[in-house]
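This report refers to the structure that appears directly beneath it.
Residue numbers (this note's numbering): -13 to 165.
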């Protein structure tokens, strides 16, 4: 399914014509087998009230809700094969296989477009009356914010730095799904 449809299926917040995901919606969209009612529903609700810091990265702009570009960026992070990331760092990075913000931003944008979710994305297409769409400018703004979060105070990051974030995200999702 196109990412717009996945987003629409799980998003429960609506503000005017726009829809957004809560943390709970976001996790459900990534762990669809957990979508059905769970016997420990109250315990899970507490998990979403104060999710792990790594999962709060999904809300890059810190507005308390996850919009479509944020959703796509985290799907991209999860879908990127490690070998592709390593190859990009080797080819485009410095001799120590590190990248600065500008190079990483450009390469991450290219990688986003090459992932399964990126290829399926239907820019400026309206799936239904809720109008889930984003143009390249929306993604560039999200990309810029993500880069600031990933780099923090660093001038460059390595593939290992990127893998650390990706693996922490996966571990937090596993903790949610199997806990």
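Think of the CB as a built atom: it goes at the ideal place given N, C-alpha and C, for glycine as much as any other residue.
| Item | Value |
| --- | --- |
| Residue 43, DSSP secondary structure in three states | coil |
| Residue interval of the beta strand (DSSP E) (run including residue 4) | 4 to 6 |
| Beta carbon of residue 75 nearer than 7 Å to that of residue 145 | yes |
| Local Cβ density within 10 Å of residue 129, reported as buried at 16 or more and exposed below that | buried |
| Close Cβ partners of residue 10 (< 6 Å) along its chain, the five nearest in sequence each way excluded | 34 |
| Proximity below 7 Å, CB of residue -13 to CB of residue 54 | no |
| Buried versus exposed call for residue 81 [16 or more other C-beta atoms within 10 Å across all chains shown] | exposed |
| Between the CA atoms of residue 5 and residue 64 - distance to the nearest angstrom | 22 Å |
| Assigned secondary structure, residue 82 (DSSP; H/G/I helix, E/B strand, else coil) | coil |
| Start-to-end residues for the beta strand (DSSP E) that takes in residue 1 | -1 to 1 |
| Contact under 7 Å by Cβ, residue 46 with residue 39 | no |
| CB contact flag (residue 158, residue 66, <7 Å) | no |
| CB of residue 142 within 7 Å of CB of residue 86, strictly | yes |
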